[in-house]
Amino acid sequence: MVRVRFAPSPTGSLHIGGARTCLFNWLYARAKKGRFVLRIEDTDKLRSKKEYLDEILDSLNWLGLKWDEIYYQGQRFALYREYAEKLLKSGAAYIERSEGNKEAVIFKVNPQKIKIRDLIRGDIEFEAESIKDQVLIKSDGTPTYNFACVVDDATTDITHVIRGDDHISNTPKQVLLYNALGFALPEFAHLPLILGSEGGRLSKRTGATSIGDYRKMGYLAQALVNYLLLLSWSPGSNREIIGIDEAMQIFDIKDVNKTAATFNLDKLNWVNNQYLKKENAQKLADAVIPLLIERQYIREGDFDRNYIVALLKLFQARLARINDFLDWADFFFVEDVQIDPQAQKKHLGADLSREFRMFINRLDGLKEFELQTIETSFREMVKELGIEAKALIHPIRVALTGKTVGPGLFEVIYYLGRERTKQRLMRWVSST
RNA sequence: GACCCCGUCGUCUAGCCUGGUCCAGGACAAGAGCUUUUCAAGCUCUCGGCACGGGUUCAAAUCCCGUCGGGGUCACCA
Numbered sequence: 070m071v072r073v074r075f076a077p078s079p080t081g082s083l084h085i086g087g088a089r090t091c092l093f094n095w096l097y098a099r100a101k102k103g104r105f106v107l108r109i110e111d112t113d114k115l116r117s118k119k120e121y122l123d124e125i126l127d128s129l130n131w132l133g134l135k136w137d138e139i140y141y142q143g144q145r146f147a148l149y150r151e152y153a154e155k156l157l158k159s160g161a162a163y164i165e166r167s168e169g170n171k172e173a174v175i176f177k178v179n180p181q182k183i184k185i186r187d188l189i190r191g192d193i194e195f196e197a198e199s200i201k202d203q204v205l206i207k208s209d210g211t212p213t214y215n216f217a218c219v220v221d222d223a224t225t226d227i228t229h230v231i232r233g234d235d236h237i238s239n240t241p242k243q244v245l246l247y248n249a250l251g252f253a254l255p256e257f258a259h260l261p262l263i264l265g266s267e268g269g270r271l272s273k274r275t276g277a278t279s280i281g282d283y284r285k286m287g288y289l290a291q292a293l294v295n296y297l298l299l300l301s302w303s304p305g306s307n308r309e310i311i312g313i314d315e316a317m318q319i320f321d322i323k324d325v326n327k328t329a330a331t332f333n334l335d336k337l338n339w340v341n342n343q344y345l346k347k348e349n350a351q352k353l354a355d356a357v358i359p360l361l362i363e364r365q366y367i368r369e370g371d372f373d374r375n376y377i378v379a380l381l382k383l384f385q386a387r388l389a390r391i392n393d394f395l396d397w398a399d400f401f402f403v404e405d406v407q408i409d410p411q412a413q414k415k416h417l418g419a420d421l422s423r424e425f426r427m428f429i430n431r432l433d434g435l436k437e438f439e440l441q442t443i444e445t446s447f448r449e450m451v452k453e454l455g456i457e458a459k460a461l462i463h464p465i466r467v468a469l470t471g472k473t474v475g476p477g478l479f480e481v482i483y484y485l486g487r488e489r490t491k492q493r494l495m496r497w498v499s500s501t
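If you read the first sequence in our numbering, its first letter stands for residue 70, the second for the next number, and so on.
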């Protein structure tokens, strides 16, 4: 049975690169009907933090990457000790004393050729001469990464080690340990790295944001997963939008490419929009309501949920992120609407008092304040005035929303309501 | 620097293994247009690439070699 693992260290939050590595492991386990193991590499007691652990677990759950088993290296020190003793006994390792009478266990590296087989890259050869003797157990008693990694992978029966490219040079060191310990080698697969916008590792500057931050910015988990799927893997047949359930059916580690991919926010935004427009507005409301409260656009326990759902439907198709709704739909929640100066100059420069007043009168005269009656009334009016509809539509939109972009004008008027529409138009009507 | 990996439009990719169907297909971005109402949605179109040089071959994005370019690793961090 296939057994794979993802091994984050709780010294920071989960980032794009880690999430992708985890996703591919998870996918491979599901595709092969195997098991997905999570291993927490918390041997560095100083840098490991409970908050990070919680955040990583939380992000993984949010992405839908559930693990079948979980191990903590911090609880397995006795095991590493045991295997270190074994190597000491067989003469493969030796003890080095440092000042303070502290002891470290060091693995002797003998010159030889080390060939590793990689499922993605084929065979890679290394010369052991370029590898120094390896510390197994540090003088503080904790195991080193490479040693703990090998002991854990072997003793938890990991069949496929799928990890980032940056571990390629660790692999020969680990192979040496597998051999010395008498463990069978797993299959290796090294995923290409995800690069930042300016080349090189993803960093804060170049777009490395934690998964939790993407969540806060209003990205959907399925969209983020879908985007990650598109980096270094492709479902084929020119498809861009694919869900994790479907990917699970056709994913194979052999199909992953070798080339590093650059993270591109524009495309993530596009993918997110694809999901957003199909998402149930009720669910979007669940996400957006707390944000509206936080921004004091609505008060907790005192708002009309159906109204918010209706507004969401108006904007849904245009949103790149859920949070864009807050800025784009602000005029529905705020009375003192900020008018974009450019928009004002362009559409409200001329005096439209007469037209606005006429429209206000017409709105007052409507027995039924409905989408259809509003539009009909407006169209009749411009016809009577002998002007183009857009000559008035744009100024009215700016007066009502402060923006030149937004949903259709009649929807805006309908959901703003008769009174608020009149008030906002009145501001542009001169008293003389 | 040493060792290792990689190199198809600006970006993500299909094609490469099993050479001809590829004067290289799709997506994002950009530009243009359409949408009796905007665009940040939708539709249509345009721009743009096999890193370079040598082979092998009737034929190369696909195979081989070299160059150049990018990235990774060289810790008692993981």
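By construction, the Cβ of each residue, glycine as well, lies at the ideal position given by its N, Cα and C atoms.
Specify the secondary structure class of Ala-389 as computed by DSSP and reduced to three states.
coil
I need the boundaries of the beta strand (DSSP E) containing His-236, first residue and last residue.
Where His-236 is concerned, there is no enclosing beta strand (DSSP E), given that its DSSP letter is neither H nor E.
Between which two residues does the beta strand (DSSP E) carrying Ile-319 extend?
No beta strand (DSSP E) contains Ile-319, which is instead part of the alpha helix (DSSP H) from 313-319.
With DSSP as the reference, please indicate the residues paired to His-15 in a beta bridge.
The first residue shown for the chain is 70 and the last is 501, placing residue 15 beyond what the model contains.
Neighbourhood of Met-495 by C-beta, 8 Å cutoff - its chain only, sequence neighbours within 5 removed:
Phe-425 and Ile-429
Less than 8 Å between the CB atoms is what I'm expecting for Glu-198 and Pro-212, so what's the real figure, rounded?
25 Å between Cβ atoms; not a contact.
With Lys-201 as the anchor, note down where its beta strand (DSSP E) starts and where it stops.
From DSSP, Lys-201 is part of no beta strand (DSSP E); its letter is neither H nor E.
Contact set for Met-70: own chain, Cβ-Cβ below 6 Å, skip 5 residues either direction:
Gly-103
Could you check which residue in Leu-83, Trp-302, Ile-443 and Val-498 has the C-alpha nearest to that of Ala-419?
Val-498
Coil, strand or helix - Thr-331 by DSSP:
strand
So, for Tyr-141: in the same chain, excluding its five sequence neighbours on each side, which residues have a beta-carbon less than 7 Å away from its beta-carbon?
Ile-109 and Asp-111
Less than 9 Å separating the beta-carbons of Leu-417 and Ala-460?
no
Look at the alpha carbon of Lys-155 and the alpha carbon of His-236, and state the distance between them as a whole number of angstroms.
26 Å
Can you give the Cα-Cα distance for Ala-249 and Ala-316, rounded to whole angstroms?
38 Å
Selected residue, minimal CA-CA separation from Asp-222, among Ile-193, Ala-88 and Val-73:
Val-73
Answer yes or no: do Ile-189 and Asn-326 have a C-beta to C-beta separation smaller than 9 Å?
yes
Should Thr-328 be labelled buried (16 or more other beta-carbon atoms within 10 Å of its own) or exposed?
exposed
Mind checking who Tyr-140 pairs with in its DSSP beta bridge?
Arg-108
Residue nearest to Asn-295 in terms of C-alpha spacing, selected from Ile-183, Lys-382 and Val-340
Val-340
What residues in its chain sit with their C-beta under 8 Å from that of Gln-351, if we drop five residues either side in the sequence?
Val-378
With a threshold of 16 other CB atoms inside 10 Å of the CB of Lys-135, please say whether the residue is buried or exposed.
exposed
Among Arg-374, Ser-82, Lys-336 and Ile-263, which one has its Cα closest to the Cα of Ala-292?
Lys-336
If you check the beta carbons only, do Val-230 and Ile-206 fall under 9 Å apart?
no
Three-state secondary structure (DSSP) at Ala-258?
strand
If we require 4 or more residues per run, which alpha helix (DSSP H) segments fall completely within the region 339-375?
350-363
Under the DSSP definition of a beta bridge, which residues are partnered with Phe-195?
Ile-183
Opening and closing residue of the beta strand (DSSP E) in which Ala-162 lies
162-167
Which same chain residues, not among the five before or five after Tyr-163, have their C-beta less than 8 Å away from its C-beta?
Leu-157, Val-174, Ile-175 and Lys-177
Name the two residues that bound the continuous alpha helix (DSSP H) containing Ala-398.
Looking at the DSSP string, Ala-398 is not in any alpha helix (DSSP H), and its letter there is neither H nor E.
Assuming contact is defined by CB atoms lying nearer than 9 Å, are Ser-208 and Ser-159 in contact in what I supplied?
no
Work out the CA separation of Leu-361 and Ala-398 for me, nearest whole Å.
10 Å
Starting from Glu-172, follow the alpha helix (DSSP H) in both directions and report where the run begins and ends.
Here Glu-172 belongs to no alpha helix (DSSP H); instead the beta strand (DSSP E) covers 171-176.
Considering just the uninterrupted stretch of the alpha helix (DSSP H) at Phe-447, what are its terminal residues?
440-454
On the criterion of 16 or more Cβ atoms from any shown chain inside 10 Å, does Val-481 qualify as buried, or is it exposed?
buried
Arg-423, enclosing alpha helix (DSSP H) - first and last residue:
422-434
Stretch-stretch touch, CB-based, cutoff 8 Å, three pairs: the region 119-138 with the region 248-265
no
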